[in-house]
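The next block holds one structure in the form of structure tokens; read it before the comments.
Chains as they are written, first to last, in this note's numbering: chain R, 2 to 581; chain Z, 248 to 707.
Okay, structure coming up:
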């Protein structure tokens, strides 16, 4: 029984982890500096599987890092900068204490600063990697850019965030990349597609901040510091991919249009350019002015094993998408002063519309209310005094719903003072069998190109006798319509039957039974499926049954919800009638 | 040295030599009687020969040289005499009787200490030859001459040519100031486009610690599978569909109920037991405790009895007899045999139970499979959960919900719920990027001491 005694905690998981305090001491940094370094370098704490082993027998809750990560941190040049900064602060304090202003000045001039460029390159070796991680960066930048400049964080940071977010918005406009938008009670969610990556970000409402106390601002500021650097580089690359000038410049033509005599009223000269950019009303300058380049069609490369039909479908889809991108093209909007200007201007410009606002609201308005060519005016108040006859007065939700539905929705539901249809979340993907709210069904029908013509007629009729009720009830009307249609059908059949009876004696020429090939095919398929089910093994059959049962259950639930909805709607309707 | 001394002696012996110190001669005359000493030894010569006259003379010569700048006898008459025409007029002093400048004149007068230290000898200091000598002077002179020749011809030496060829350093451009990261006007460039310019030798870079360490691949994995931005449920729309809104409300309600339950539980556990509350009776009993004696005595008596019993209960184990031991041993052997027989029998019997054994094995396997699956599923579910990274557990944020009557009719009247900042912060915690933490509490290092101010004390 010889040999060395094995000591506890000298091998295995105990040696793979290091506590936060030890790591901090190893790096010779203070805790805030250590935390900052970890955030910048993307090194996060780990929860070990066997805590007691790692913690050398103790069960006290501690923060652990992987030892290898900390060793990697030892090579970081920024660590040296952090130490330098510590010394700098000490010296500065001393100089202040001695009231040596000249040395304070000198020290401030030589303040140690560090760059994050190499960390960006290290953490995101390729551009696509960076683009995948941009969600957080965008959220942070938009959030910080709405902060008041009251000292919760550095004013310069706020300015930089504002600049970057404006650049991003301009990119989305220029590339027409926006896909979805959702107005929630928290803020506005946007989703765009850049280089094939879906990017979601959240923009808070303006002026809605009460600064929560349980948020660590220092940590957030560190994240923002990193993300601003990242977003800047990404913006640069994205702008160059579109042949746009970076930092963004307004188009020469647009700039001359925007140049007005009262520029100075809005902002100082140094700030007015950013303000004009953030107005989002003008297009950006390109490196090479390319009018014809955009028209170039994509070359078609038929891939082996892909039939023509498939390709055609793809082509059609592409065309459809192109059309969606030009949703608002040719429309001219005017924003009243009570609507959220930035969000709406962003949306409208993203889909090719023209937009303007009152001159006193913001810089960069291009035309006045009195312009006769305006097609839509977006208003968010119960009524308006002076109305032009040749434009629609609609509520802002129309724009958001149009973007989500990807078609121009009928404006009647969104007129002034009308109760709006619900704003549905575009981020919910319904699978078949799920409950789909009737509003969404309606939109889907519209997307398919079906026009609910008779419904409109009904509406018009109804408008004659009861004007106020018009909009909220189209759902019930739909239901009613269905019922009416059924009744009609029944009547027809009865008539036919009666006719048949009366003319039973007559011998008519035999009709050739037309075989519907599509139907035949369907039947065949159904038969095949049935046979396949019969041929299944017992085990598979069991599984299949289970799946089918699940589906049926879902359908059942959806039906239940739909019935509930109908009951609810009916109740509402009856209540309204009773009130009358 | 010797020749000069000789000449001086010669000069002194001459009749025309003037002695500056007349007393020197008289001193020599006083010692008439001389001690007789043999002068055949060098020691005696040194000791007893009288050299006073010579030293005095030399002293005198040096004195003259110091003060006059040479021997007086050799000086011409012009140097020694001048024509006395009375006090010379101090023209300069008369020019500046202005009272303001008088002081200045006084200030100009050198300090006494300087005067003392001034070099007042007229003999020039000895020349230090070594100071003037230059090593390799000849060579250098030759080189300089050659350079001069070449310059005359117009040939530029190589070093100068190199200097001229060097690019002039741009003095006007200030050293590039690295700007702070949050500078709003900072520049960006194509960081992914350009390849790193590693022109230097990689070995050199590695050895000097300038090479970047490669980032471990594992670090690029995300610590959580959750997406960065979790979109709020459809019920969180500003103008929601009735059912999705109800669903969201239901969810929020369940969260609230759970919280309430936990609170209730704690309250229940902390509630005061009714039996423990003092009634009038117990209070009275407590007050008369020790005053009434009968009860105490009664209680004490049974105690004593119990103690007596306890002492008597200890019994000594009896010793086993030999016979008993034998019996026990035999029983043990018999039992073992029986067990072995039973085991063998069972084994044999199992042959006929093969079927049921098989089924049981199968069942067991199925059970383990199911357990494995369950464990895998649990692990998958765990991945989306926030981990325990520190002292505190992750606490989810309160759900953002607006009640039916709070919902705004239009976008203008919308009241935003919750804070995006907090949402982002919690999201970071939820995705295990940072550990949940509490704000550090302010701890006073030294105790506060409250003292009444004197002014205040006087009033009261």
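Every residue gets a Cβ at the ideal spot worked out from N, C-alpha and C, and that includes glycine. Bear in mind that the values here come from a model prediction, so they are computed numbers and not experimental data.
According to DSSP, which residues form a beta bridge with residue i?
{"i": "residue 190/R", "result": "183/R and 203/R"}
{"i": "residue 484/Z", "result": "185/R"}
{"i": "residue 378/R", "result": "335/R and 394/R"}
{"i": "residue 305/Z", "result": "Answer by DSSP bridge pairing: none, since residue 305/Z is not bridged."}
{"i": "residue 195/R", "result": "198/R"}
{"i": "residue 355/R", "result": "333/R"}
{"i": "residue 287/R", "result": "245/R"}
{"i": "residue 47/R", "result": "65/R"}
{"i": "residue 18/R", "result": "67/R"}
{"i": "residue 416/R", "result": "395/R"}
{"i": "residue 636/Z", "result": "Residue 636/Z is not bridged to any residue."}
{"i": "residue 251/R", "result": "285/R"}
Alpha carbon to alpha carbon, what distance is there between residue j and residue i?
{"i": "residue 592/R", "j": "residue 424/R", "result": "For chain R, the structure presents residues 2 to 581; residue 592/R sits outside this window and is missing."}
{"i": "residue 304/Z", "j": "residue 365/Z", "result": "26 Å"}
{"i": "residue 457/R", "j": "residue 653/Z", "result": "Note that residue 457/R scores a pLDDT of 44, beneath 50, so its modelled location is shaky; the value from the coordinates is reported in the next line. Each residue's Cα considered, the two are about 32 Å apart."}
{"i": "residue 349/R", "j": "residue 329/R", "result": "7 Å"}
{"i": "residue 411/Z", "j": "residue 200/R", "result": "58 Å"}
{"i": "residue 66/R", "j": "residue 205/R", "result": "34 Å"}
{"i": "residue 334/R", "j": "residue 412/R", "result": "14 Å"}
{"i": "residue 623/Z", "j": "residue 465/Z", "result": "22 Å"}
{"i": "residue 252/R", "j": "residue 284/R", "result": "6 Å"}
{"i": "residue 384/Z", "j": "residue 319/Z", "result": "42 Å"}
{"i": "residue 476/Z", "j": "residue 185/R", "result": "14 Å"}
{"i": "residue 394/R", "j": "residue 513/Z", "result": "58 Å"}
{"i": "residue 539/R", "j": "residue 545/R", "result": "10 Å"}
{"i": "residue 321/Z", "j": "residue 314/Z", "result": "14 Å"}
Quick one: is residue i buried, meaning 16 or more other Cβ sit within 10 Å of its Cβ, or exposed?
{"i": "residue 568/R", "result": "exposed"}
{"i": "residue 661/Z", "result": "buried"}
{"i": "residue 70/R", "result": "buried"}
{"i": "residue 63/R", "result": "buried"}
{"i": "residue 672/Z", "result": "buried"}
{"i": "residue 443/R", "result": "buried"}
{"i": "residue 308/Z", "result": "buried"}
{"i": "residue 541/R", "result": "exposed"}
{"i": "residue 421/R", "result": "buried"}
{"i": "residue 311/Z", "result": "buried"}
{"i": "residue 536/Z", "result": "exposed"}
{"i": "residue 606/Z", "result": "exposed"}
{"i": "residue 77/R", "result": "buried"}
{"i": "residue 373/R", "result": "exposed"}
{"i": "residue 229/R", "result": "buried"}
{"i": "residue 377/R", "result": "buried"}
{"i": "residue 547/R", "result": "exposed"}
{"i": "residue 284/Z", "result": "exposed"}
{"i": "residue 579/R", "result": "exposed"}
{"i": "residue 239/R", "result": "buried"}
{"i": "residue 467/R", "result": "Caution is warranted here: a pLDDT of 41 is assigned to residue 467/R, below 50, making its placement in the model unreliable, and the coordinate value is therefore given only provisionally. With fewer than 16 other Cβ atoms within 10 Å, it is exposed."}
{"i": "residue 331/R", "result": "exposed"}
{"i": "residue 406/R", "result": "buried"}
{"i": "residue 409/Z", "result": "exposed"}
Just to confirm, does residue i get its C-beta within under 7 Å of one of the non-hydrogen atoms of the ligand HEM?
{"i": "residue 204/R", "result": "The ligand content of the structure shown is nil, which means the ligand HEM is not present either."}
Query raised in the report: the segment 30 to 52 of chain R: which residues have C-beta closer than 7 Å to a C-beta of chain Z, in chain order?
Result: Answer set for the segment 30 to 52 of chain R: 43, 44, 45, 46 and 48.
Query - Residues of the segment 343 to 372 of chain R whose Cβ lies closer than 9 Å to any Cβ of chain Z, in chain order - result: Among the residues of the segment 343 to 372 of chain R, none has a Cβ less than 9 Å away from any Cβ of chain Z.
Query raised in the report: What residues in the segment 147 to 177 of chain R bring their beta carbon closer than 7 Å to a beta carbon of chain Z?
Result: From the segment 147 to 177 of chain R, only 155, 157, 158, 160, 161 and 164 have a Cβ closer than 7 Å to chain Z.
Query raised in the report: Taking any Cβ of chain Z, which residues in the segment 381 to 408 of chain R have a Cβ under 8 Å from it, in chain order?
Result: Going along the segment 381 to 408 of chain R in chain order, one finds 381, 382, 396, 397 and 398 with a Cβ nearer than 8 Å to chain Z.
Query - Positions along the segment 585 to 616 of chain Z whose CB lies within less than 7 Å of some CB in chain R - result: Shown here is that no member of the segment 585 to 616 of chain Z has a Cβ falling below 7 Å from a Cβ of chain R.
Report task. Please specify which runs of the alpha helix (DSSP H), each continuous and at least 4 residues long, are wholly inside the segment 362 to 450 of chain Z, giving them in chain order. Result -> As far as the segment 362 to 450 of chain Z is concerned, its whole alpha helix (DSSP H) runs of at least 4 residues are 376 to 379, 384 to 400 and 405 to 412.
Query raised in the report: Which residues, taken in chain order from the segment 425 to 450 of chain R, show a beta carbon closer than 7 Å to some beta carbon of chain Z?
Result: Answer set for the segment 425 to 450 of chain R: 425, 426, 428, 429, 438 and 440.
Query raised in the report: Going along the chain, which residues of the segment 684 to 695 of chain Z sit with their C-beta nearer than 9 Å to a C-beta in chain R?
Result: Those would be 684, 685 and 686, in chain order.
Report task. Return the chain-ordered ranges of every alpha helix (DSSP H) run that is complete within the segment 562 to 634 of chain Z and spans a minimum of 4 residues. Result -> If we require 4 residues or more, the alpha helix (DSSP H) runs fully inside the segment 562 to 634 of chain Z come out as 569 to 597 and 601 to 630.
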